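*Asks:* Take this structure, written in structure tokens, and hold onto it; I'll ask about it next.
Residue numbers (the working numbering): -5 to 268.
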């Protein structure tokens, strides 16, 4: 898998706007799991400090999320599929969550079912894997700290990937890697041509396997690639028109419209132009 794509989330971009009782952190996976896991992450919130909006933006990944305050193991760990629109959660009660952000092309090997199965709602590990899912959920729920959570997850995922032989749909894998390599700056027709399949067949495979078509996935990866450049500094100094030209948007207006759809805010409220 290409290592060029590194998705980014809103709290990383807007850390200066976070409440004192709110904490979002990311942790790198081991070298063995890096091709499959973008990062581990935590969200903690102390309700005594007031309320805090938690913004989640489409990142082209699939997450296993552990609610560390869950009342039972059967409802502690669940999977969420690909997002295509921004979601803002108003945190007003105590929160402590741990997440595993998986690349879409690896998620099926880990989860053993197509990503499209998680398109409409969360699915608990207990419901998906039965006793094995419940056992893992218990271990994760009762882990004493983040270090132990990561250690448990690394052991579990490394074991799954080493012993399971779940065939990876070649067209999906190759298609996503083209998207990463080109930073999403391709049309579905261009992608289909590179892969040697019809655009219709490509759309069918993507929708069957991950629940969204190539056009949507290209849009998310292009948007995320632009965000990463903005976060890195160079993009933050570019004009909207220059960013639009570099990332293949029709014009400045198209870029701003896409930004508002995926981020929920206009770009001017996320980073200030110099």
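Positions of the beta carbon are idealized from the N, C-alpha and C atoms, including for glycine.
As the structure is a prediction and not an experimental result, all values here were calculated from the model.
1) Measuring CB atoms only, is the region 212 to 227 touching the region 48 to 59, in the sense that at least three cross pairs come out at less than 8 Å?
2) Does any heavy atom of the ligand MG sit closer than 7 Å to the C-beta of residue 81?
3) According to DSSP, is residue 93 part of a helix, a strand, or is it coil?
4) Cβ of residue 205 within 8 Å of Cβ of residue 107?
5) For residue 32, which of helix, strand or coil comes out of DSSP?
6) Just how far apart, CA to CA, sit residue 203 and residue 193?
7) Evaluate the contact criterion for the region 36 to 51 versus the region 64 to 71: three or more CB pairs, one atom per stretch, below 8 Å.
8) Counting C-beta neighbours from all protein chains within 10 Å, is the total for residue -4 16 or more, i.e. buried, or is it exposed?
9) If you follow the alpha helix (DSSP H) that residue 225 is in, where does it begin and where does it stop?
10) For residue 64, which residues of its own chain have a beta-carbon under 7 Å away from its beta-carbon, when the five flanking residues on both sides are left out?
11) Between residue 131 and the rest of its own chain, which residues show a CB-CB distance below 8 Å, the 5 nearest in sequence each way excluded?
12) Measuring only the C-alpha atoms, how far is residue 146 from residue 140?
13) Taking 8 Å as the limit between beta carbons, can you name the residues of its chain near residue 234, skipping five residues before and five after?
14) Starting from residue 253, trace the alpha helix (DSSP H) both ways and give me its first and last residue.
15) Could you give the DSSP three-state label for residue 148: helix, strand or coil?
*Replies:* Based on what the coordinates show:
1) yes
2) Ligands in the displayed structure: none, and consequently the ligand MG is not present.
3) In this structure, DSSP gives residue 93 an extended state, which the three-state scheme calls strand.
4) no
5) strand
6) A straight line joining the alpha-carbon of residue 203 with that of residue 193 spans about 16 Å.
7) no
8) The predicted model places residue -4 with a pLDDT of 48, which falls under 50 and marks its position as unreliable, so this point remains unresolved.
9) Here the alpha helix (DSSP H) through residue 225 covers 208 to 226.
10) 70, 135
11) The beta carbon of residue 131 sits closer than 8 Å to those of 60, 67, 68, 70, 71, 118, 119, 120, all from its chain and outside the five residues before and after it, given in chain order.
12) 10 Å
13) 246, 249, 250, 261, 267
14) 246 to 257
15) helix
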